[in-house]
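Notes follow once the structure below has been shown.
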Amino acid sequence: MEQYIIEGGTPLKGEVTISGAKNAALGIIAGAIMTDEDVLIENIPNVNDINVMLEAISEIGAEVDRIDAHTVRINGGSIKTLDVKDEYMRRIRASYYFIGALLGRYHNACVPLPGGCEIGARPIDQHIKGFRAMGAKIDISGGSLYAKAESLNGAHIYFDMVTVGATINVMLAATLAPGKTIIENAAREPHIVDVANFLNSMGANIKGAGTDIIRIKGVNKLHGTEYSIIPDQIEAGTFMCMAAATRGDILIKNVIPKHLESITAKLLEMGNEVMEFDDEVRVIGAASQRHTDIKTLPYPGFPTDMQPQITVALSLAEGISVVTESIFENRFKYVDELIRMGASIRVEGNVAVICGIKTFTGAAISVPDLRAGAALVTAALQAKGRSALEGIGFIKRGYEDFDKKIASLGGKITYISD
Ligand code: EPZ
Numbered sequence: 041m042e043q044y045i046i047e048g049g050t051p052l053k054g055e056v057t058i059s060g061a062k063n064a065a066l067g068i069i070a071g072a073i074m075t076d077e078d079v080l081i082e083n084i085p086n087v088n089d090i091n092v093m094l095e096a097i098s099e100i101g102a103e104v105d106r107i108d109a110h111t112v113r114i115n116g117g118s119i120k121t122l123d124v125k126d127e128y129m130r131r132i133r134a135s136y137y138f139i140g141a142l143l144g145r146y147h148n149a150c151v152p153l154p155g156g157c158e159i160g161a162r163p164i165d166q167h168i169k170g171f172r173a174m175g176a177k178i179d180i181s182g183g184s185l186y187a188k189a190e191s192l193n194g195a196h197i198y199f200d201m202v203t204v205g206a207t208i209n210v211m212l213a214a215t216l217a218p219g220k221t222i223i224e225n226a227a228r229e230p231h232i233v234d235v236a237n238f239l240n241s242m243g244a245n246i247k248g249a250g251t252d253i254i255r256i257k258g259v260n261k262l263h264g265t266e267y268s269i270i271p272d273q274i275e276a277g278t279f280m281c282m283a284a285a286t287r288g289d290i291l292i293k294n295v296i297p298k299h300l301e302s303i304t305a306k307l308l309e310m311g312n313e314v315m316e317f318d319d320e321v322r323v324i325g326a327a328s329q330r331h332t333d334i335k336t337l338p339y340p341g342f343p344t345d346m347q348p349q350i351t352v353a354l355s356l357a358e359g360i361s362v363v364t365e366s367i368f369e370n371r372f373k374y375v376d377e378l379i380r381m382g383a384s385i386r387v388e389g390n391v392a393v394i395c396g397i398k399t400f401t402g403a404a405i406s407v408p409d410l411r412a413g414a415a416l417v418t419a420a421l422q423a424k425g426r427s428a429l430e431g432i433g434f435i436k437r438g439y440e441d442f443d444k445k446i447a448s449l450g451g452k453i454t455y456i457s458d
């Protein structure tokens, strides 16, 4: 079993460098197999979900040359099967990007259907609706999704809700679909823009990424490219909340401050200091912080992936804060663990009402999912006494060298594995 043992009570201070964006990298790796030429990707985060995705493309025959921890060369010219069998893929949601990439390139794909997960039901009906509109036949049997198209054509697609996954997936397929695809009510997250920029660097014709209407003119083929992934908005936001919660002072390097605006705004409302530089932000946690209300929304709203981390910070702010989760129905599971650490939180449906406390107390804690894990580590770093966190495999799926980065900021964290 793997654990983090954390001795709390030390404000985190110093500098930390943010890795490449996991959720951009997942879409980009899928897109990389849409050409027979070499694709060089830099600033890949060295985290488990990415390593699983790279293994999966290698399993179907792509050449994957890991040049160093953060650089990979991919060649999709040797793909020999369009059936992504890898059982482990079921556990990473982004396996659905193989549908868009393989359907776009080969008009055929078979992918294990991603089920629900720790944070909610996570249906993919909007992805399917998009592919069907483009002329694909979709069947689901034996737990897998089969997608096939005699010919794939551009289409006008209106998403019923803002969805990151379906926006990227349809964008992947539409890149090589003759004609014009228009995606309305598209997601605007920074990683949507990054995947679009990457595909454009391969010769795609995608306009409007970052707005709610994306227009794609299908091209005949894509070519090789060299591309560097943007910094991870959520990893940066996590360290911002750590500075606030531990009353620390962290200079967070290799970030795009614009992507962090919703988080910055809330930390400022709470009374913290946030300084923005070209590609850095510095957060100084105020000794006394104020309550505020937050509702998670698609970008540029407050990200659902930051909801647990800000809830930890708000638990230590004076007064009553209300956090409303509007994206995933099951994202307050970690609250029971926080309550065991002394938090005063009542959850009703998708709303958490938080009454500020002075300090957490250390406890034995079980991590329920990736972002909740980062939040519980933050609570343990602030807590009086020692905490032992199990289930940290979730954290390693999305945070690179989390314990090492925290230790370099003075956090007393030890990784143990038996
Ligand atoms: C992406 O998930 C991210 N994952 C998630 O990050 C993130 O929480 C989420 O976007 C929201 O920002 C990846 O990029 C791999 P959605 P995704 O489609 O694409 C509903 C993390 O911690 N919906 O934007 O699966 C859905 O149920 C992870 O890094 C449908 O109903 O999310 C949800 O309520 C966790 N039908 C909402 O839309 C669909 O076909 C938004 O989901 C698709 C989505």
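Heads up: take any position in the sequence shown, counting from 1, add 40, and you land on this note's numbering.
Beta carbons are placed, not taken as given, at the ideal position from N, Cα and C, and that holds for glycine.
Only a predicted model underlies this, so the values are computations on that prediction, with no experimental measurement involved.
The DSSP assignment places 88-99 as complete runs of the alpha helix (DSSP H) inside the region 72-112, in order along the chain (cut-off: 4 residues). Taking the C-beta atoms as reference points, V321 is found nearer than 9 Å to I292. In the DSSP assignment, the residues bridged to R426 are E47. The three-state reading of DSSP puts M315 in strand, counting E and B together. With a beta-carbon spacing of about 12 Å, I81 and G116 fall beyond the 8 Å limit used to define contacts. Counting the other CB atoms within 10 Å of its CB gives H231 a total of 16 or more, which places it among the buried residues.
Taking C-alpha positions only, H147 is separated from T215 by approximately 12 Å. With respect to M41, A65 sits apart: the two C-beta atoms are not nearer than 9 Å.
When C-alpha distances from L52 are compared across T278, I296 and L308, the shortest belongs to T278. In this structure, G140 has its beta carbon at no less than 8 Å from each heavy atom of the ligand EPZ. The beta carbon of A403 lies closer than 7 Å to those of R380, M381 and S427 in the same chain, with the five residues before and after it left out.
At a cut-off of 8 Å, the beta-carbon of M201 counts as near the ligand EPZ: some heavy atom of the ligand is closer than that. Close CB contacts of K436 within its chain, under the 6 Å cut and outside five residues either way in sequence, are with N88 (chain order). Cβ-Cβ distances below 6 Å link G359 to H331 and G396 in the same chain, with the five nearest sequence neighbours on each side left out; the list follows chain order. Bridge pairing for P348: absent [DSSP]. Taking the C-beta atoms as reference points, A392 is found no nearer than 9 Å to V352.
Between S302 and G341, the C-beta spacing is below 9 Å.
Per DSSP, A195 lies in no beta strand (DSSP E) and is assigned neither H nor E. Approximately 6 Å separates the beta-carbon atoms of I269 and I84; this is inside 8 Å, confirming the contact.
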